[in-house]
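Engineer: With this note's numbering, letter number 43 in the sequence shown gets 101, and the count goes up by one each step, no holes.
Where is the CB? At the ideal position from N, CA and C, for every residue including glycine.
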Amino acid sequence: MLPDKATAAARMRECRASLQAALPAGLVRNASVDNGRPKLWVGPAWHQSTPAVKEALAREAACFFLSGDESKTIRFSVYDDNDREVAVWNLSQLVTW
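1) Tell me whether the beta-carbon of leucine 152 lies closer than 8 Å to the beta-carbon of glutamate 113.
2) Measure from the alpha carbon of leucine 85 to the alpha carbon of each residue in Trp155, Leu149, Asp139 and Asn148, then state which is nearest.
3) Could you pull the DSSP bridge partners for proline 61 from this structure?
4) By DSSP, does arginine 142 sit in helix, in strand, or in coil?
5) Check tryptophan 104 in the structure and name its three-state DSSP category.
6) Taking the beta carbon of glycine 126 as the centre, do at least 16 other beta carbons fall within 10 Å, making it buried, or is it exposed?
7) Nearest by alpha-carbon distance to aspartate 92: which of Glu118, Phe134 and Ala120 is it?
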């Protein structure tokens, strides 16, 4: 079921706030769309985080990229400080290596 615009907008604000809160902790550096391809850039704290924290952060990024409409799915890459791809959000789950 598709969310109404107000629900999606409220969820988008929550997702954005979660990502912004992760900035000072060194978990997130940036979330951007380059040439139509979403990318999450993570900081050094990513590598010390638990799988559950990484999954939750990626879920919030997916929500952000989808403008709060979590009835849709998305695929995006996660890059670290060395510009290495360290994970992929694959539709509904995080795949790390």
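Structural biologist: In brief:
1) Taking the first residue of the sequence shown as position 1, residue 152 is located at position 94. Taking the first residue of the sequence shown as position 1, residue 113 is located at position 55. Yes, the pair counts as a contact, with Cβ atoms nearer than the cut-off.
2) As a working note, residue 85 is residue 27 in the sequence shown. Comparing Cα-Cα distances from leucine 85 to each of Trp155, Leu149, Asp139 and Asn148, the minimum goes to Asp139.
3) On the sequence shown, position 3 is the one that residue 61 refers to. Its beta-bridge partners do not exist; DSSP assigns none.
4) The residue labelled residue 142 in the question sits at position 84 within the sequence shown. Arginine 142 falls in the coil class under three-state DSSP.
5) Locating residue 104 in the sequence shown gives position 46, where the first residue counts as 1. In the structure shown, the three-state DSSP call for tryptophan 104 is helix.
6) On the sequence shown, residue 126 is found 68 positions in, with the first residue counted as 1. Around the beta carbon of glycine 126, a 10 Å sphere encloses 16 or more other beta carbons of the protein chains shown; the residue is thus reported as buried.
7) Residue 92 sits at position 34 when you count from the first residue of the sequence shown. The residue with the shortest Cα to Cα distance from aspartate 92 is Phe134.
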